[in-house]
């Protein structure tokens, strides 16, 4: 019988339902919240310290603590210990009073005579001394409360279905009242937790009757409203509880105050109805009839005289039919939820999110009182912030749908919780972020049950909901243990809960939208509902538009994930098929590498699009989703380089001794080298050992990264002196301001690069600079927090890398690294480094002497040290060249710069760059350009240009002002042209003013564009060696660096500059100053880079302990004395956590090659040669060849000789002539 149809006759939400819901059912929700959270205050921690009877006569609490209690670091602040005391003869201390000194070397022991508690409240903690070695006991009480809840909820479901909704409510109300009142008379902890277990037995089950009754009494359209109203009532109960606990500070009185008022609910025995829906389902038609007639009467509905007669007949007819069908129909069980892949996936995701929501909601509610500040106000706010959530929840679910509402609620709440790590010592900010997190989880807590009921098929809906909710209720058992971790690090539970929320929010995107969708009835319906399974739409390129370009404006995460999954599986299957046919291979290029090209094509494009979206609009491609896509695509693509049959085919093809083109030779060499480095030519125990070594390396790298991050965040100090901050640039002052007002203190100093580096340049206080510097170079040293030392891990990583090299047949890790470098050998690298050092080191001495003289003229009376250099270097630069980045910015409006850059490249390389307005992009600011080669009517490549910063959309990293993304490579065999994206975070136009670039940003723009040209102008046939693919590491940055050299040519800089108001070019004196600034203290700066490069090489080619290597190299490269506490290497993540081990020199090598290349243009200019011919030669070698020819050979073809560092020295003003002067 369709009860919703009956409600249409008696009223779906009339006066009867409103009276029952508003005056009976909603108030009946309140006891659940009271008993769920009153225990937080019954067992709240009370400030305490060791009791020292001998000192009580002093009558001075602060003095007593100072004499007897040691200080301990807790949540970043020193506090008096709560569990330890000094072991002293306090009788002697009293005798020597008042000549008392604070003990320094006294032994610290646990409390010997109990504890003294603050007297403003009484809890079970203070009454039974549940502190120190018993501080886990209150947490155990919460765990048992939750265990009781799981058992009670299970039994309650049986009681509801067997005896009815109303009797079940009163049974649980009796149990709750008995154990709630008994709690107040508990004589010891063990009896108390038994009583709390009894109370927990009714939580949250007692709330189910009012909620279920409300849902079953109203029509379908009003059920969401009733759900929201129930949650509002629950939140109001929490707000009311905050007032109760504020007024009642004794735990025994609190137990009574949170129980006895609800005895009035026994009066509901008369007005509370039974559910007529349940009565009809159980065949109790007479009782149902009474209630339905009453509903109709109060709702003002007029029923026909024989209505109930017809209703009874229909009921009996439907019941007979159901009984017959029941005999024929199959029975469903929990295993049916897991039999098919899509339903299994949805069941797992729903259950995980349910567990997450329950855990975090309860956890955040539990954690409110311990966030710092007023615990009662915190708990009050925790309830209040839920109310506005419910106001926008309904329209959000109806407009955005269930999935996005659930996702945004969880992700926003999760990010808020995670962000508390960054502000963990700011109590008010932490509380505000906590409130945002509570709003998010409150919203998600409402959405999930509704969405889950719409996802589970009808035949297993009850089973699915029960399974997910029961497993979800494990959360309240688990979460008190997490909150317990917060006793030492206050925000740690928030971080864990935030991570759970973000994970759950992203997982929700893997569920299908259910808004306005037909509910699945059968298991087959449930399997079909949702994300298309891999294989559907297999013939369609779902991410491409008709013009062959990515359809960025219509891409969803679901499409990306589904497509990358499909393509990855096809890729791996394709590799297996190629392997099977490789045994009898006659021509590896035709039978292996060309088929692999076709496999690469679509996977590469989807992967590139996902990365572009991730960097260009992370709201469309969140980090978690991109990581999932990246890992899946990366795993698939590795299949061909880990394939032994393909490796052997490449070796055999090379051994055929037939004539090969440069490109074919490079292609074979790539597959053979990748195979060797992956250990494909070793077997047995050595292969197993290699796998273990690589796993250990990854583990150590992760540990080093995590410890450096932790150490970086550990240091902070506040600056209150306005005189110190007056020299700070506005952006630095704003970043450091603790009050969000750049002009007012205090200013918070941290070791984050965007703060530390400019701080060292602008801080006039030498002691503050030293403090920051020593904290920076001593990170992970063990001088401070020994748990964060990385020395052990670095030595393990060095040993592991050395062993990896030995297993693969190399003498050292550096020798192995040289296999993928243009330099080719460590000897070539060291020769380059030594040549540069011979010129830079003497100049460094002169520069430091001049800098010290400059500083002394301005009142500095100390010897310059490392922490002084950035400050005085900036001051000297300003004094000598009047260099003002903000003034120069006015001469570089972005439209002028980008047009001039395109014109320069069009002239030099004989190309045309033409905008295509109709191309689909991910944002209105993004432009797409077709690139045409000379004499070509069809574009040879395409470029997306996304210039502006967009808050909350773009990934921002301080060290990088922008990214180049290779979306698709050139491939002749798939007839595809290169696609690139340049993504920046330049200042957007505002107030009618164009976007203005600093000179550094202009430099980055030129560098990234020059880098992209190598990809866009590629002419190779195979994508594996086209453009930037297969370019040696130390040559990868060359083309970008070449482009930046044009910025120091006066004609070029005048051409690209034009004041944003007058269009006047940069003045001549400013042009000259740009070159002078480039050379300022270049010897010192270059020696710093040379030192780090050589240090990296020695660490990976020698077995000497790292500190001995540092001590040996330091005086050779750095003129300033070495500080014995300087442990900068221990936070050198570039070489230890990232991929630059034995490769740090690559940046310098690229600069050297680029300077030498650009010198060819200068030579042509000086000798009246045709610069355009040099440009054509550069294009035909470096820009078009890419990775299809070894860069050493490419360089020789361009310059006619091997590279020399002389051009770099000339650019930096470090040539021999300058040194002699």
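Residue numbers (our numbering): 29 to 1249. For every residue, glycine included, the Cβ atom is placed at its ideal position computed from N, Cα and C.
Checklist line | alpha helix (DSSP H) segment containing residue 429, residue limits | finding: Here residue 429 belongs to no alpha helix (DSSP H), and DSSP marks it neither H nor E.
Checklist line | residue 1054 versus residue 653 - alpha carbon distance | finding: Looking at the two C-alpha atoms, the distance is approximately 28 Å.
Note to self: Quick test of your reading: residue 542 and residue 483, contact by CB under 8 Å. State the CB separation rounded to the nearest angstrom.
What the structure shows: Going by Cβ atoms, the distance from residue 542 to residue 483 rounds to 6 Å, so yes, they are a contact pair.
Notebook entry, point to check: Under a three-way DSSP split, which group does residue 838 fall into?
Noted result: Looking at residue 838 - three-state DSSP - the assignment turns out to be coil, as it is neither helix nor strand.
Note to self: In the DSSP assignment, the alpha helix (DSSP H) including residue 465 goes from what residue to what residue?
What the structure shows: That run of the alpha helix (DSSP H) goes 455-483.
Notebook entry, point to check: Tell me which same chain residues have a C-beta within less than 6 Å of the C-beta of residue 170, skipping the five on either side of it?
Noted result: For residue 170, same chain residues with a beta-carbon under 6 Å away, outside a window of 5 residues either side, are 508 in chain order.
Check: The beta strand (DSSP E) with residue 1083 in it runs from where to where?
Finding: Under the DSSP assignment, residue 1083 falls outside any beta strand (DSSP E), being part of the alpha helix (DSSP H) whose first and last residues are 1078-1084.
Next item on the list: Give the DSSP-derived three-state secondary structure of residue 977 in the structure shown.
Entry: Coil, per DSSP.
Notebook entry, point to check: Can you tell me whether DSSP reads residue 118 as helix, strand or coil?
Noted result: Residue state, collapsed to three classes: helix.
Next item on the list: Check residue 933 in the structure and name its three-state DSSP category.
Entry: Helix at residue 933.
Notebook entry, point to check: Can residue 220 and residue 211 be called in contact, C-beta distance under 8 Å?
Noted result: Yes, Cβ-Cβ distance for residue 220 and residue 211 is below 8 Å.
Next item on the list: Less than 8 Å between the CB atoms is what I'm expecting for residue 1072 and residue 1035, so what's the real figure, rounded?
Entry: The pair is a contact, with the Cβ atoms about 5 Å apart (cut-off 8 Å).
Note to self: Rounding to the nearest angstrom, what Cα-Cα distance links residue 816 and residue 260 in this structure?
What the structure shows: Roughly 46 Å between the two C-alpha positions.
Check: According to DSSP, is residue 952 helix, strand or coil?
Finding: Reduced to three states, the DSSP call for residue 952 is coil.
Checklist line | Option in 510, 267, 367 and 59 with minimal Cα separation from residue 410 | finding: Of the candidates 510, 267, 367 and 59, the one whose C-alpha sits nearest the C-alpha of residue 410 is 267.
Next item on the list: Go through its chain and collect everything with a Cβ distance to residue 831's Cβ below 6 Å, but skip five positions before and after it.
Entry: Annotation for residue 831: 721 place their beta carbon closer than 6 Å to its own, counting only its chain and skipping 5 residues before and after.
Item checked: Given residue 782 as reference, the closest of 762, 767, 854 and 475 once Cα atoms are compared -> Among 762, 767, 854 and 475, the Cα nearest to that of residue 782 belongs to 762.
Check: Since residue 996 is in the beta strand (DSSP E), which residue starts that stretch and which ends it?
Finding: In the DSSP annotation of this structure, the continuous segment of the beta strand (DSSP E) that includes residue 996 starts and ends at 990-996.
Checklist line | Cβ distance (whole Å) where residue 970 is taken to contact residue 577 below 8 Å | finding: That belief holds up - the Cβ atoms of residue 970 and residue 577 are roughly 7 Å apart, short of 8 Å.
Next item on the list: May I ask which residues mark the beginning and end of the alpha helix (DSSP H) holding residue 1142?
Entry: Run containing residue 1142: 1134-1145, per the alpha helix (DSSP H) assignment.
Note to self: Quick check: the Cα distance between residue 527 and residue 161, rounded to an integer number of angstroms?
What the structure shows: Going from the Cα of residue 527 to the Cα of residue 161 covers about 30 Å.
Check: Where does the unbroken alpha helix (DSSP H) through residue 45 begin, and where does it stop?
Finding: For residue 45, the enclosing alpha helix (DSSP H) starts and ends at 43-48.
Margin query: residue 207 and residue 175 - do their beta-carbons sit closer together than 8 Å?
Written below: Annotated as distal: residue 175 and residue 207, with beta-carbon spacing of 8 Å or more.
Notebook entry, point to check: Nearest-angstrom Cα distance between residue 775 and residue 753?
Noted result: Straight-line Cα distance between these residues: approximately 8 Å.
Margin query: Taking a contact to mean a Cβ-Cβ separation below 8 Å, would you say residue 777 touches residue 788 in this structure?
Written below: No, these two residues do not count as a Cβ contact at 8 Å.
Next item on the list: Return the chain-ordered list of same chain residues with a C-beta closer than 6 Å to the C-beta of residue 278, the five sequence neighbours on each side being excluded.
Entry: Excluding sequence neighbours, residue 278 sits near 150.
Note to self: I'd like the list of long-range same chain contacts for residue 33, defined as Cβ closer than 6 Å, with 5 residues on each side in sequence excluded.
What the structure shows: Close CB contacts of residue 33 within its chain, under the 6 Å cut and outside five residues either way in sequence, are absent.
Checklist line | Of the residues 193, 73, 933 and 1062, the one placed nearest residue 396, counting alpha carbons only | finding: Selection 193, 73, 933 and 1062 evaluated against residue 396 yields 73 as nearest (Cα-Cα).
Next item on the list: Go ahead and pull the three-state DSSP assignment for residue 283.
Entry: Helix.
Next item on the list: On the DSSP bridge assignment, give the partners of residue 1009 in chain order.
Entry: Beta-bridge partners of residue 1009 (DSSP): 972 and 993.
Next item on the list: Grab the span of the alpha helix (DSSP H) containing residue 776 for me, first residue to last.
Entry: That residue, residue 776, is in no alpha helix (DSSP H); its beta strand (DSSP E) goes 775-778.
Next item on the list: Please report the Cβ distance between residue 319 and residue 304, rounded to the nearest whole angstrom; I am assuming they are in contact, meaning their Cβ atoms lie under 8 Å.
Entry: The pair is a contact, with the Cβ atoms about 5 Å apart (cut-off 8 Å).
Check: My guess is that residue 864 and residue 1233 are in contact by the Cβ rule of under 8 Å, so how many angstroms apart are they, rounded?
Finding: Contact between residue 864 and residue 1233 holds: their C-beta atoms lie close to 6 Å from each other, under 8 Å.
Next item on the list: Run the CB neighbour count on residue 492, radius 10 Å, all protein chains shown included, and call it buried at 16 or more, exposed below.
Entry: By the Cβ neighbour-count rule, residue 492 is buried, with 16 or more other Cβ atoms within 10 Å of its own.
Checklist line | Enclosing beta strand (DSSP E) for residue 145 [first to last residue] | finding: Segment 143-145, the beta strand (DSSP E) holding residue 145.
Next item on the list: Can you give me the Cβ contacts of residue 1222 inside the same chain, cut-off strictly under 7 Å, excluding the 5 residues immediately before and after it?
Entry: 1209, 1210 and 1213.
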